[in-house]
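End of the sequence shown sits at 249 in numbering that gives the first Met the number 0; the numbers just go up one at a time, nothing left out. From the three backbone atoms N, C-alpha and C, an ideal C-beta is built for every residue, glycine too. What follows is a short report on a single structure.
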Amino acid sequence: MSFIPIRLFLARPACGDVSAGAERIPGFPRTNLPSETDGSLQAASTHPDTRRCRLVDIYEPPSKNAIVLFDGTDLSAWHKKGDEPATWVIEDGILSCNATGNIMTTELFEDCYIHVEFFIPAEGPGNSGVYLQGRYEIQVLSHDYRDMPDVKVCGAIYDVHAPLQQVQQARETWQSFDIIFRAPRMADGEKADNARITVLHNGMIIHNNVDIPGPTGGHLDVDEGTPGPLMLQDHGGNPVSFRNVWAVHL
């Protein structure tokens, strides 16, 4: 079996409609994405030297000026509320919540670009969240958990904005958020303009420069005029995993 490193832009790491994206890869007309945690692709090639091959997924690489917040090795960039050490579990380069509370970055952010990848296991609601500045939550939730209102599905800005489209993937599949965040603007000690956010879920736009009027539920604080951390939610110990988390100050 040959190993061919290839970039599948539509899918990112194990995301998206691979049947549609794979047809655009010359020489690989039949490609299937198994439900695996490594995000690899199995393909049948038309090339005589690669009749059967394994396409090796390449993670979204951090940009050159990125701050790597989790690279699979340690939690030195994170802590719990009150500066207690973060105690989530790291196994095989994967970070998983374990009912010990939310974790947040030591680094504080104003305008920023955030990349985070998450994985919802086979059991449980897969309920978590990604909080910009510790105040504004993008919901993480399994695609098949109850009949949720649109403002609470995966990718929603929790209880504020429903995603433009629902592109969450099946359980046991790595997914991604790419977030462009503009912090609130202040004037004379008062908020002059709300926070604004653009979000891509699995490479698809689900929020396009939308206004967030204030902190969402479960926020760290309501001091919108100050920088804040990236926070990952531990929602009652619901098992959710993360990898490849990085940020760029804008």
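- Cα atoms of I156 and N208: separation of roughly 12 Å, rounded to the nearest angstrom.
- A direct Cα-Cα distance of roughly 16 Å separates E106 from E223.
- Counting along the chain, F108 sits inside no beta strand (DSSP E), nor does DSSP assign it H or E at all.
- The three-state secondary structure of K151, taken from DSSP, is helix.
- Shown here, E136 sits in a strand according to DSSP, grouped into three states.
- Under DSSP, Y144 forms no beta bridge with any residue.
- Secondary structure at V221: coil, using DSSP grouped into helix, strand and coil.
- Assigned with DSSP and collapsed to three states, E171 falls in coil, not helix or strand.
- Its Cα nearest to that of T104, the residue L229 stands out among F117, C111, I179 and L229.
- Taking C-beta atoms under 8 Å as the contact rule, T197 and H206 qualify, at a distance of about 6 Å.
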